[in-house]
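All residue numbers in the sequence shown are consecutive under this note's numbering, ending with 946.
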Amino acid sequence: MSRTPDNWLLKVTGLTKIYGEPNENTLALTGPQFGSNICPETESIVACADINFELYPGEVLGIVGESGSGKSTVVKMLYFDIEKTYGEALLKPYANAGVNTLDESNQKKRYIRNHLMGMVYQNPRDGLNFNFTSGGNIAEKLIMAGNYHVGGIRERASELLVKTEVPVLRMDDRPSNFSGGMQQRVQISKAIANNPPLLFLDEVTTGLDVSVQAKVLDLIRELQHELGIAMIVVSHDLSVIRMLTDRTMVMKNGRIVESGLTDQILQDPQHAYSQLLVSSLL
Ligand SMILES: Nc1ncnc2c1ncn2[C@@H]1O[C@H](COP(=O)(O)OP(=O)(O)OP(=O)(O)O)[C@@H](O)[C@H]1O
Numbered sequence: 665m666s667r668t669p670d671n672w673l674l675k676v677t678g679l680t681k682i683y684g685e686p687n688e689n690t691l692a693l694t695g696p697q698f699g700s701n702i703c704p705e706t707e708s709i710v711a712c713a714d715i716n717f718e719l720y721p722g723e724v725l726g727i728v729g730e731s732g733s734g735k736s737t738v739v740k741m742l743y744f745d746i747e748k749t750y751g752e753a754l755l756k757p758y759a760n761a762g763v764n765t766l767d768e769s770n771q772k773k774r775y776i777r778n779h780l781m782g783m784v785y786q787n788p789r790d791g792l793n794f795n796f797t798s799g800g801n802i803a804e805k806l807i808m809a810g811n812y813h814v815g816g817i818r819e820r821a822s823e824l825l826v827k828t829e830v831p832v833l834r835m836d837d838r839p840s841n842f843s844g845g846m847q848q849r850v851q852i853s854k855a856i857a858n859n860p861p862l863l864f865l866d867e868v869t870t871g872l873d874v875s876v877q878a879k880v881l882d883l884i885r886e887l888q889h890e891l892g893i894a895m896i897v898v899s900h901d902l903s904v905i906r907m908l909t910d911r912t913m914v915m916k917n918g919r920i921v922e923s924g925l926t927d928q929i930l931q932d933p934q935h936a937y938s939q940l941l942v943s944s945l946l
């Protein structure tokens with residue numbers, strides 16, 4: 665789909681998360697120019713500040729940066745895992761982008777999560793219930809979105825397992841008996857079960873063997889092409905960002921230091937920190 669100024673799917677403005685009690689100087693005294701996200705006056709932590717971007721339907725946006733730069737905080741706020749301090753996130757398919765999703769009630773946030781978003785976490789235990797079978801985990805997501813027909817749920821679960829290359833025979837087996845790569849595939853199945861227009865992926869291949877990583881990344885790329893789902897991919901690893909994303913935001917000390925087309929950032933990084941990241945790829 666072509667990008668026009670108004671056809672964005674998600675529009676994020678001024679997204680900020682501060683832990684502790686900030687004062688009026690906190691934002692001005694933290695960030696990459698200070699090499700720190702800790703306010704020297706209050707010791708509050710600016711996990712991320714003033715994050716602004718638009719995501720278009722079917723687009724894949726990368727967030728890259730070192731550990732502690734604030735990448736996960738951004739997606740966790742957008743997925744309502746943690747509360748924002750300031751900021752707005754408008755979602756086109758929800759109330760025609762007329763309300764700040766971050767200010768909605770918990771019930772409405774659950775509705776948005778179940779119908780319009782999916783999340784794949786680094787740790788499969790955060791996204792899957794290890795007491796349920798793999799099919800049961802997918803069923804949980806389908807039921808949350810109002811699908812109660814048992815036959816239909818099993819059929820959809822097996823379709824999703826085929827799509828994510830998990831043997832359907834393992835549908836009644838628990839993810840605790842699966843390899844790390846297979847656990848991630850089940851997490852992906854669950855996350856896309858309701859055909860959400862938006863998927864968050866937070867360090868999903870970190871911790872997997874290199875060969876397994878490559879297969880999971882291939883799967884994500886194939887699903888993205890097939891389903892045209894918009895994604896926000898968080899990774900400290902620029903090779904993951906290079907493989908999956910169209911555009912990238914580079915974060916350091918809680919701020920975006922550079923953003924643009926991924927190819928452009930890789931070929932001609934402007935910010936000293938992006939240059940450092942890119943040189944580490946060579
Ligand atoms: N509950 C919390 N209380 C205080 N500080 C926190 C809390 N959660 C995160 N932070 C801080 O916020 C900052 C951003 O953390 P975040 O997890 O978003 O970074 P990240 O770039 O995703 O790194 P990583 O990949 O290591 O998680 C870090 O300095 C972190 O220590």
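We put the beta carbon where it would ideally sit given N, CA and C, even for glycine.
Since this is a predicted model, take the numbers as computed values, not measurements.
Check                                                                                                         : Outcome
Per DSSP, the bridge partner or partners of S733                                                              : Beta-bridge pairing links S733 to no other residue.
Distance cut-off 6 Å: A894 Cβ against heavy atoms of ligand 1                                                 : no
Three-state secondary structure (DSSP) of K827                                                                : helix
Burial state of Q851 (16 or more Cβ within 10 Å)                                                              : buried
Span of the beta strand (DSSP E) around R834                                                                  : Per DSSP, R834 belongs to no beta strand (DSSP E) and is neither H nor E.
Between the CA atoms of P831 and S697 - distance to the nearest angstrom                                      : For the record, residue 697 in the displayed sequence is Gln; it is not Ser. Distance between the alpha carbons of Q697 and P831: 50 Å.
7 Å Cβ cutoff met for P757 and L742                                                                           : no
From N858, E718, F796, F864, residue whose alpha carbon lies closest to that of P839                          : F796
Same chain only: Cβ atoms within 8 Å of V942, ignoring 5 sequence neighbours per side                         : L902, I929, L930, P933
Touch test, the segment 898-914 against the segment 683-695, Cβ-Cβ under 8 Å, three pairs minimum             : no
DSSP state of S843 mapped onto helix, strand, coil                                                            : coil
Same chain only: Cβ atoms within 8 Å of L945, ignoring 5 sequence neighbours per side                         : L902, S903, R906, L930
Contact test: I709 Cβ vs ligand 1 heavy atom, cutoff 6 Å                                                      : yes
Helix, strand or coil at T765 according to DSSP, with G and I counted as helix                                : helix
Helix, strand or coil at R667 [DSSP, three-state]                                                             : coil
Other residues of its chain near I776: CB distance less than 8 Å, five sequence neighbours each side excluded : F744, L755, Y758, T765, E768
Residue nearest to E843 in terms of C-alpha spacing, selected from R789, A857, K916, V728                     : Inspection of the sequence shows that residue 843 is occupied by Ser rather than by Glu. Residue R789 is the option with its Cα nearest to S843.
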